[in-house]
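Numbering (my numbering), first residue to last: 3 to 174. Think of the CB as a built atom: it goes at the ideal place given N, C-alpha and C, for glycine as much as any other residue.
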Ligand code: IDP
Ligand code: MG
């Protein structure tokens with residue numbers, strides 16, 4: 003139980019530039035060095051609302067509009083991201099360290115961002131991967147990107163509700 007207690011979850015996004023550059027396998031291989039467990043994974047088409055909520059702490063930055071378009075895939079003709087949750091001891095620190103610094107030119111050259119990131123002519127950092135910054139942010143982001151039953155570990159308290167007359171898409 004004690005060991006269980008130290009486990010931490012982090013959201014990982016492979017951003018549209020990572021997908022366009024066919025880096026998915028490469029990034030997942032790099033992250034597997036951490037020996038963390040993947041407890042959720044999916045492809046997501048990102049709405050403007052999702053992107054704005056995800057990056058709400060940056061809404062006053064001059065690059066905010068570009069950043070929202072970037073996460074939506076509008077700069078890369080790849081309107082999707084891959085969202086995963088990594089789980090285990092010190093997950094955030096381990097993943098952020100492999101990802102490297104936010105600015106790809108300052109990131110260690112062997113890190114994921116140092117290897118594959120770039121700064122666009124408009125000044126936006128295209129850095130191929132998102133990693134949550136701390137446990138509170140991780141919880142906020144995980145709850146934004148995933149539903150409880152999409153995660154195979156019980157991370158946060160959940161409840162059952164009855165939804166009536168809800169439209170659902172099923173196989174034809
Ligand atoms: P993080 O992704 O390393 O946690 P944040 O400060 O949360 O860094 O910024 C979110 C994203 O916004 C970055 O990954 C990067 O794509 C972009 N970004 C952050 N700061 C800058 C900046 O100063 N110029 C251009 N883009 C930035
Ligand atoms: Mg951040």
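In the displayed model, residue 89 falls within a strand according to three-state DSSP. Boundaries of the beta strand (DSSP E) harbouring residue 44: 39-46, taken from the DSSP string.
Taking C-beta atoms as the reference points, residue 130 and residue 19 count as a pair closer than 8 Å. Taking residue 65 as the centre and dropping the five residues before and after it, the same chain places the C-beta of 125, 126 closer than 7 Å to its C-beta, in chain order. Counting other Cβ atoms within 10 Å of its Cβ, residue 137 stays below 16 and is therefore classed as exposed. For residue 9, the pairing in a beta bridge is given by DSSP as 91. The three-state reading of DSSP puts residue 56 in helix, counting H, G and I together.
Nearest Cα to residue 77 within the set 84, 85, 86, 67: 67. By the 16-neighbour rule on beta-carbons within 10 angstroms, residue 35 is exposed. The closest CA to that of residue 147, considering only 32, 30, 56, is found on 56. Residue 83 is bridged by DSSP to 46. Between residue 73 and residue 53, the gap from beta carbon to beta carbon is short of 8 Å. Close CB contacts of residue 97 within its chain, under the 7 Å cut and outside five residues either way in sequence, are with 12, 14, 33, 36, 88, 133 (chain order). Residue 16 is bridged by DSSP to 84, 131. For residue 67, the shortest C-beta to heavy atom distance toward ligand 1 is 7 Å or greater.
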